[in-house]
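Chemist: Below: one structure in structure tokens.
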Amino acid sequence: CGKAIVAGRARASGVDEDSGTTVKTRLTISYAEPSELQMILGKYSSDIDAYDVLALEPLGAKAFASACANKHADVVSVRARGRLAYKFTASAMKTALDNKIFFELCYSDALRDSTSRRWFFTNASALARATRGGRACVLLSSGATKPMEVRTMYDVANLATFFGMSEANARAAMTDNVERMLALAKRRRNVKFSASSVELMETT
């Protein structure tokens, strides 16, 4: 069994005073077995709730199915730079869409070495087919580790046409879909907080 990896930004959400940019916090959990995810979600529930966005990065078929079925997740992050250990099955995708979960691709995977680029286009094409061209449920992020990997929205939209997304859907994946995901994530947190408050009142 592999070890789950948890990565997040501790900086509080809000508006950056220097740039006026709205800052949101995100926690990403990479895991290979559903039991690893359940352990983390159970043990660190209150800490996880402090983040604006919860992203899951599954590393196996069972992990992918569990990510799509998780009602607390906002994003399933697809590690597209190598061979995926799962397939975008119709049942898992339907479950994710029913749960209003978005799928994230990081375009910087296409800008590195030739192997990473080849796998990115293979995996991105598979996701585009499984989501009917990425309509309404795909997010395009940079995933950049250095400034030279960041591209303009126009460049990313053009790149997306090579793996089956229209320019309109690609632009939405960097704008409208992001806004929808954040709104749904906020709603999830509010519902969970309200349910917890009611439960606390009932036990006092």
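Using the numbering used here, read the sequence shown as starting at 203 and increasing by one per residue. All residues carry an ideal CB built from backbone N, CA and C; glycine is no exception.
Mapping the DSSP letters down to three states, classify Arg389 as helix, strand or coil.
Modeler: On the sequence shown, residue 389 is found 187 positions in, with the first residue counted as 1. Three-state DSSP puts Arg389 in a helix.
Chemist: For the alpha helix (DSSP H) that contains Val358, what are its first and last residues?
Modeler: As a working note, residue 358 is residue 156 in the sequence shown. Taken as a continuous stretch (DSSP letters only), the alpha helix (DSSP H) holding Val358 covers Met355 to Ala362.
Chemist: Where does Ala257 sit, in a helix, a strand or coil, going by DSSP?
Modeler: Position 55 of the sequence shown holds residue 257. Three-state DSSP puts Ala257 in a strand.
Chemist: Tell whether a beta-carbon distance below 7 Å holds between Ala192 and Gly262.
Modeler: Given a span of 203 to 406 for the chain in the structure shown, any question on residue 192 remains unanswerable.
Chemist: Considering Cα atoms alone, identify which of Val352, Ala370 and Leu229 is closest to Ser248.
Modeler: Walking along the sequence shown from the start, residue 248 turns up at place 46. Selected option, being the one with the closest Cα: Leu229.
Chemist: Measure how close the beta-carbons of Leu383 and Asp276 come, nearest whole angstrom, since I'm counting them as under 8 Å.
Modeler: The residue labelled residue 383 in the question sits at position 181 within the sequence shown. The residue labelled residue 276 in the question sits at position 74 within the sequence shown. Note that residue 383 is Met in the sequence shown here, rather than Leu. Yes, Met383 and Asp276 are in contact; Cβ-Cβ is about 6 Å, under 8 Å.
Chemist: For Glu401, name the three-state secondary structure that DSSP assigns.
Modeler: Numbered from its first residue, the sequence shown carries residue 401 at position 199. With a pLDDT of only 46 at Glu401, under 50, the local geometry of the prediction cannot be trusted, and no value is derived from it.
Chemist: Given Phe364, which residues of its chain have a CB within under 8 Å of its CB, disregarding the five upstream and five downstream residues?
Modeler: As a working note, residue 364 is residue 162 in the sequence shown. The answer, listed in chain order, is Phe323.
Chemist: Put Arg373 into one of helix, strand or coil per three-state DSSP.
Modeler: Residue mapping note: residue 373 aligns to position 171 of the sequence shown, counting from 1. It is helical.
Chemist: On the CB-based measure, 16 or more other CB atoms within 10 Å of its CB, does Asn379 come out buried or exposed?
Modeler: For the purposes of this step, residue 379 is identified with residue 177 of the sequence shown, where counting begins at 1. Buried is the call here.
Chemist: Report yes or no: do three or more beta-carbon pairs, one from the stretch 353 to 368 and one from the stretch 265 to 279, lie closer than 8 Å?
Modeler: The stretch 353 to 368 is not in contact with the stretch 265 to 279.
Chemist: For the stretch 302 to 309 and the stretch 335 to 349, state whether three or more C-beta atom pairs, one from each stretch, are separated by less than 8 Å.
Modeler: They touch, by the three-pair rule.
Chemist: Run through DSSP, which three-state label would Phe290 get?
Modeler: The count along the sequence shown starts at 1 and reaches residue 290 at position 88. Three-state DSSP puts Phe290 in coil, outside helix and strand.
Chemist: Our contact map puts Lys226 next to Asp254 with C-beta atoms below 8 Å; I'd like the distance itself, whole angstroms only.
Modeler: Taking the sequence shown and counting its residues from 1, one reaches residue 226 at position 24. Taking the sequence shown and counting its residues from 1, one reaches residue 254 at position 52. Between Asp254 and Lys226 the Cβ distance is about 4 Å, and since that is below 8 Å, they are a contact.
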